[in-house]
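In what follows, a structure is listed as structure tokens, so that the remarks can point back to it.
Residue numbers (the UniProt record's numbering), protein chains in the order written: chain A, 1 to 412; chain B, 1 to 412; chain C, 1 to 412; chain D, 1 to 412.
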């Protein structure tokens, strides 16, 4: 008798194929789910593989549009960056995938969810917190944290043997000496030879961006149009080519950014579980968007609103990195950030060249920029004498402090 | 009879030359002060000019080393960036200059300080807050905020006429259609034709960095060594050239960064006085350092210490931008940040190419990175089962929330 | 010929009566405006006085309900407290009054607004920032900052003489040796003999609260019902008396709080202009509400949402204290805080006795409190083993830190 | 053969006595440790009990002075309060006790630590994080999280039976219908009949404070003297009695605070593990100190330093509540807070009466309060005209916002 139904996040690779078979061995009915979030994959081959390995049902779904609209766009509004550098391409994909997986489980009456994430990483947390948040009574099966599983499959060799024994097709090409995770937003590389933080990444590792040294000698110039803090149109100024749906816009930014080698970083980051890990990321379109959004946001948003909003954006980034996309606090923060974006509207011109994005200019019907007010040549509605009082009052406190304590500023 | 002595921040240019003469006209004895903080200037010509215009005393001083050690280094420790992009090359130069100007005033028994900053900008504030903090009883004369002065000198033509009348040498080359401020850390460009936020900056405007399109086709690879969060050595990996004093290190980073077109930004920023202004900056060495410091800091600092420290760093940036370098709170924040840097030590390798800085690897005797702990291949002192409990407990709250309110995550 | 029309915030007292006459002397038409925000005042006498002194038009308006609904309620939602203690009864009244004053000015076609606030205080700022925000082209006349005025009226004696000369009724009772500001929310006392921060406040100074030593020996027990973070009903548990409109609820809380001597504080606070001042406040109803709201909020709101919301609440308090109620950032913060209050709903029981408020219990249909989950006696849906993993993972970072640096915790 | 030595945090009560015997049953040598942190306890009886139950070694140590100096004083400097109300008497005691327990374990060569904290609470976390931080390789035995233990001892009846069978003295008085934790700083009450958040706490529950209704009708007036943010002397103004060592000062504040019923709160709080729990606390001396420290701190500390410091204090409170006293970030925060306290010095007079603390006045040689500057009667070194410019410049942004967006402030 079946122990019940488990919906397995299935990639088609060796690991999750073995997990599929192993779960069946343990007495579960296995439904597989493979999300298309923009990774380069032979989805039909994966379907056949899952079926041939005994999956009760196979779901393969294109989530690319909702990935862009529901996950990338809010991150753009937030200027979401973890620890000052990482744009979180993986972190925002997990809740997108897990959300659909929960829906399938609910529809299929499955009590169990399973995945192939390892026990030291962030992804297990992001995946499972989403599942618990959306399906509180679910039971999670995480084989890489179950001693009977991980003690049996100590290394890749054990998986290969198991695969051969159970008719699981064994990969013919050797595994890369690192692991990677790819989606529409980015590719991440970690582990293996990259674990030594001192060693340089191989030049041929990158799949999504050209090596800047090999990228074109001519920049592309883009005009990005924003409404409510998200792009509604991108236009290539040279050839007039333009895109205006979320998926097309983002894909086009990936294309241009990738062509010019934009968005590569090599960092050591702090995982939620408290260890430092080295990760290398390429996020071409996301990097272009971050720069453009920063520009139009500062152009149109009040200074003090922006200060508060940036604090919320930092909080958003931590929450998302740690797996709390579906938490009350992250929903609250997203609501507040979205509110702040109501007037973030206008066009940004930028050039993309040799790994870099250069902002060239911007315009907006909603800008708080007042050319006359700021001008050095005309006075506008501004009395310079006011600045004297402003400075004097700001100095009251500083002078009082000096009166009592002196200052270490001047050398004697 | 003299109204007293005024120490004037003197640049040698048309504006402050006219101010010098005007102050004398008003009945003051004028002492001029010109700081060498790395700008490209004919200091001897400026001395002669000041003397010929009747300065009672002329001070020209090389502050470059203290600018690097006392102002740039703390900013590096803080990862100081204003509004996510501006590295504040001007903001940190003002207190450096004003500090010395106050010392001169105290030594010379001058009751007045004067400067040529305009009435709409940040610099007047940065300058004067430093003066009031260090010399609370000082009187400030800011001609561009005095109606008798600014109504008389409405435009450049008025200054020219005044100059001719008073024997002030008139510049023979036409003024650039923008204003700029240069020092060791950066050059800023604003005003004039740049006031239209949509118009692109002219390609030939930049003086400190090569246009990336014209920069070398070969990257330079540097190794930067840090102690207590500041660089103590830079080495060019290709030719073995190295520098190890603060001023030499920073100048070399400027040279390499400038050669490869690193550190250009075009932004609209929010001035302290509440108006938006468009500024273009090039900060070659500072940009290299920011990237390298971010890397070594995350590598060596505890995650949660860093979160708190980054909050302080953001506060530091706002304070410095607004002119509060010499304030009790900024001194407090600098103390805390310096404390956080005690173990920020190690070497970062990076390449500089076509406007971009790429981190290649890092090593440190003080790193909290534990290759065994994080490894995918060995378990280290880590039990993956613990992660299950960690996730379950983190989910307690999320599940309770769902129990009561449900979640908007799943679509029906 | 008239210089134009000025709307003067008129209190009926000596100062603003003199200002009224002085403004007329200066050539303005003067419209007076007196807001009833709950202070104890003979409004009809004030009307007659203004008319007799030559006011072109006299507005006296009851703003009590909008003061409670539009200003006190959002402050309750925010748990608004400045510098950990001050509930800001004056700070929230200023924008309420100034808002109406602006409306009158716009309706009357007045280009000028005037008030009697002093040049060292916060109120001038709160008043004027509201005016500039709502009526950007307004001109403000602040006599206590105009040398011709303040040099003429150096002390109270000068005002008295001026009054006598111009037929302004002179107060017959001697002025209290401190100044006060009263409204529905609080009375503040400052200046005069209170300026010495060491001297104790006289026991007979307080007008809104009983001295706790003289208050009843029996507590009152109230039940406060909240919806969306604001009270919708208060019931006295002993006598069953209840109130359910905003103004009645708040007035009743003042009555009960005042009767039991609740809400007195004696503090030194930091004014926006950077000086420290000593203030004594009594805020009976507001103090009861703060305690009750804190209780129901923590009971019903997710922990992490509340952390973020409290940060916004602190920001709100600073903004309001400094006079930025009508600023884009304060509007933004209010929106976010209101969003957080959607489920802050339920009943709190509390007793009020001898200056103190004691929370006794609470209940809510929206509570995230789960008695079974937290129980020591039943397990609920909770596996204690999970806590081991939770702790171990939280310790990963601490152990790594010890590994590298050791800890100063243990003594040798 | 012994499995090794375990140091057990032993209270002398039924639970930890059973754990002692059970650990021996499991094959461990058991060393017991009982800390005197001010709770009311028969320490000698506990020693004999532990010895009679087979403890290999019994440690009973007076940690009261180090509890005050190393844990309560830093909390006073931080104004440490969790979720706006809880003074964390339990949270700061755990690391104090665990620190000594680790030292004993290291001295005794024990590889194991054990405690009787439950699996749903905060204390297990606070205890264990301290142990892991100070003794990274320690193994923790938490019986209430071990299924063999907690399934065997399902209720108190099971413990009683086990006790009788193993010669453990059984308590003769019935257990109170709640649990409590007492130390020098506070007593907490929770669980049992208190788990219903609506039910009122019994009046006779409190052991450390008088019921305010039964407290004296005469206030006590104290003068508290601070240096570097901690009290160095307390004097009773009426009888001249004074104390000047940390333990005596704090004990005396407990005595006076307790006599007048100060420091009772009834709250629902958020535990680190994500559940809400109801707790009732009485913290007499701590509450007096919090109020006095807030007063002298605001009196002597620069406004903006204090803003930053309060942010750090909030962070400190969260860290301590969650058990991270011995973490790199909490050490960092303590360092920064201590730095901020350098000039927090002076005397505060206050009265204590019927559950409330009233600040009466304060003085300090380090105060930034400037009576002349703030005076309404003299001008001091202050020009009121400056305020006009200050306000106008602060309004620039607000007027620009109105120019573009209008404001919702005025009703139409």
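Backbone N, C-alpha and C fix where the C-beta goes; we use that ideal spot for every residue, glycine too.
In this text, all values refer to a predicted model and were calculated from it rather than measured experimentally.
Using a CB distance cut-off of 8 Å, residue 374 (chain B) counts as an interface residue toward chain A. For secondary structure counted as the alpha helix (DSSP H) over 4 or more consecutive residues, the region 311-376 of chain A holds these complete runs in sequence order: 328-340, 371-374.
Counting C-beta pairs closer than 8 Å gives three or more between the region 280-289 of chain A and the region 78-92 of chain A, which meets the contact rule.
With contacts defined by Cβ atoms closer than 8 Å, residue 68 (chain D) and residue 250 (chain D) form a contacting pair. Taking each of D:56, D:377, D:158 in turn and checking the Cα distance to residue 158 (chain C), the smallest one comes out for D:377. In chain A, no part has a C-beta under 9 Å from the C-beta of residue 19 (chain B); the shortest such distance is about 15 Å.
Not a single C-beta of chain B is nearer than 8 Å to the C-beta of residue 148 (chain D).
Within the region 186-214 of chain A, contact with chain B at the beta-carbon level (separation under 9 Å) is assigned to 190, 191, 192, 195, 196, 197, 198, 199, 200, 201, 212, 213. At a C-beta separation below 7 Å, residue 327 (chain B) has these neighbours in chain A: 398. Annotation note: the region 247-284 of chain B contains the following uninterrupted beta strand (DSSP E) runs of length 3 or greater, listed N- to C-terminal: 264-270, 276-282.
Taking 8 Å as the cut-off, the beta carbon of residue 260 (chain A) is found closer than this to the beta carbon of residue 353 (chain A). Residue 303 (chain C) counts as buried, since at least 16 other C-beta atoms from the protein chains shown sit within 10 angstroms of its C-beta. Taking a cut-off of 8 Å for Cβ pairs, the region 393-404 of chain C and the region 373-393 of chain B touch, as three or more such pairs fall below it. One finds 389, 393 in chain B with Cβ atoms closer than 8 Å to the Cβ of residue 387 (chain C), taken in chain order. Not flagged as an interface residue toward chain A: residue 7 (chain B), since no C-beta distance is shorter than 8 Å. Put simply, the CB of residue 318 (chain B) is far from chain D, with every gap to its CB atoms at 8 Å or more. Of the candidates D:301, D:6, D:168, D:234, D:6 places its Cα closest to the Cα of residue 27 (chain D).
For residue 55 (chain C), the closest of C:348, C:9, C:81, C:98 by C-alpha to C-alpha distance is C:9. For residue 383 (chain D), the residues of chain A that pass the 9 Å Cβ criterion are 389, 392, in the order they occur in the chain. The beta carbon of residue 265 (chain D) lies closer than 6 Å to those of 85, 281 in the same chain, with the five residues before and after it left out.
Residue 104 (chain B) sits away from residue 37 (chain B), with the two beta carbons spaced by 8 Å or more. Residue 262 (chain D) is positioned such that its CB atom lies no closer than 8 Å to that of residue 389 (chain D). Annotated three-state conformation of residue 62 (chain C) is strand, per DSSP. For the region 348-373 of chain B, the set of positions with a beta-carbon nearer than 8 Å to some beta-carbon of chain A reads 349, 353, 354, 355, 356, 358, 359, 360, 361, 362, 363, 367, 368, 369, 370, 371, 373 in chain order.
The continuous stretches of alpha helix (DSSP H) do not include residue 9 (chain A), which lies in the beta strand (DSSP E) extending over residues 4-9. Assigned with DSSP and collapsed to three states, residue 153 (chain B) falls in coil, not helix or strand. Proximity of chain A to residue 235 (chain C) at the Cβ level (cut-off 8 Å) is not reached, the minimal Cβ distance being about 31 Å. Note that the region 195-211 of chain A does not touch the region 224-241 of chain A; fewer than 3 beta-carbon pairs, one per stretch, sit closer than 8 Å. The secondary-structure analysis by DSSP pairs residue 113 (chain D) across a beta bridge with D:7, D:140. Taking 9 Å as the Cβ-Cβ cut-off, the region 263-280 of chain D approaches chain C at 264, 265, 266, 267, 268, 269, 270, 271, 272, 273, 274, 275, 276, 277, 278, given in chain order. Judged by DSSP in its simplified three-state form, residue 107 (chain C) adopts helix.
Contact note: residue 321 (chain D) does not reach chain C at a C-beta cutoff of 7 Å; the least C-beta distance is about 11 Å.
Of the residues A:121, A:57, A:58, the one whose Cα lies closest to the Cα of residue 375 (chain B) is A:121. When 8 Å is used as the limit between beta carbons, residue 303 (chain D) is near these residues of chain A: 397, in chain order. Assigned with DSSP and collapsed to three states, residue 46 (chain C) falls in helix. Sequence-distant Cβ neighbours of residue 358 (chain D) in its own chain, meaning closer than 7 Å and more than five residues away, are 350, 351.
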